[in-house]
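Quick note: the sequence shown uses full-length UniProt numbering, first residue 1, plus one each step.
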Amino acid sequence: MNEPQQKWTETIESHHSLFQLNLKEVWQYRDLVFMFVKRDFISSFKQTVLGPLWFFINPILTTIVFTLVFGGIANLPTDGIPPILFYLAGNTLWGYFSTTMLSVSNVFTGNAGIFGKVYFPRLVTPISTIISSFMRLGIQLVLFWIVLGYYFYKGDVHPNSWAFFSPVLIIFLALFSLGLGMIFSSLTTKYRDLSLLLGFGVSLFMWFTPVILPTSLVKQKLGNYAFLADLNPLTPIFECFKYGFIGSGDFNMTRLLISFSFIIIILLLGIIVFNKSEKTFIDTV
């Protein structure tokens, strides 16, 4: 008697293209993505007194400190932008980038226990991190828009149509975080020292991004080497964001397009490194 032929709904293979994202497979595991997003979001304020209010408190406290120290004591210029609004805009974008990138860079080491027990597309974890960070960013953008509305009512800021371009800026900011995070998550599986240096490196990178120092001041200090300020792919994104909502900033469309191109290259490199590492990382993590 012949046994009934089994029909497999899933085939797990180790051989696939380094450029392959398997987004179709990720879509099939969308419920798992939702569970990871819910886990990340709830764990952010679990067992805290103020709960989700910390998403407001962190940027508020950071902005106040920056305003007092850099705007008051150091008396650094802010391109004619009210200091509170200048630092809040920078902190909002920078908080999203740094948090997302550091979280994605911890994908392999932080989820090794799960990866070693059950199969699911490894890309699910960084994607869920990106989405959960989007939710935090959305809450903090509400705070930014409230402060922006106050200064707009006073006539101190002049938003323009480039403000509607901000979703594209945030998407490329997310892609840059994803690309860099996947590269570092792959490297830290073999070289644990990188995870210790990464936090310091991100903090140092902030000084090369227009969060505290305006681009105009940096270029003025660099003199003949002012072009070095534009090598940071985050600079055109931050400046376009400020220019759109506040009406001030060192905005240049050409530099923005170059930044987008560089981010795409980093993302492709991150996909290659991530796909190569996910096959063997469980043996080295």
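Using N, Cα and C, we set each Cβ at its ideal position, and we do this for glycine too.
Inspect the beta-carbon positions of residue i and residue j and report whether they are closer than 9 Å.
i, j, result
"residue 253", "residue 176", "no"
"residue 135", "residue 274", "no"
"residue 139", "residue 104", "no"
"residue 242", "residue 81", "yes"
"residue 42", "residue 63", "no"
"residue 179", "residue 114", "no"
"residue 36", "residue 132", "yes"
"residue 204", "residue 184", "no"
"residue 210", "residue 189", "no"
"residue 137", "residue 95", "yes"
"residue 146", "residue 26", "no"
"residue 214", "residue 266", "no"
"residue 239", "residue 251", "yes"
"residue 121", "residue 191", "no"
"residue 144", "residue 245", "yes"
If residue i and residue j are in contact, beta carbons under 8 Å, what's the gap, nearest whole angstrom?
i, j, result
"residue 107", "residue 33", "The pair is not a contact, with the Cβ atoms about 13 Å apart (cut-off 8 Å)."
"residue 307", "residue 157", "The structure shown does not extend to residue 307, since the chain is modelled only from 1 to 285, so the question has no answer here."
"residue 93", "residue 217", "Their Cβ separation, rounded to whole angstroms, is 18 Å, which puts residue 93 and residue 217 out of contact at 8 Å."
"residue 169", "residue 212", "Incorrect: roughly 19 Å between the Cβ atoms, too far for contact."
"residue 247", "residue 160", "6 Å"
"residue 187", "residue 194", "5 Å"
Please check if any C-beta of chain B sits within less than 9 Å of the C-beta of residue i.
i, result
"residue 108", "The structure shown contains no chain B, having only a single protein chain."
Segment contact, 8 Å Cβ cut-off, at least three pairs: the stretch 58-78 with the stretch 152-167:
no
If you scan the stretch 30-74 from start to end, which runs of the alpha helix (DSSP H) of 4 or more residues do you find wholly inside it?
30-45, 54-66
Assess contact between the stretch 258-278 and the stretch 78-93, defined as three or more Cβ pairs (one per stretch) separated by less than 8 Å. Is contact present?
With the rule of 3 Cβ pairs closer than 8 Å, the stretch 258-278 does not count as touching the stretch 78-93.
Contiguous alpha helix (DSSP H) assignments of at least 4 residues, all confined to the stretch 97-165:
Listed in chain order, the alpha helix (DSSP H) elements of length 4 or more contained wholly in the stretch 97-165 are 107-110, 112-115, 124-154.
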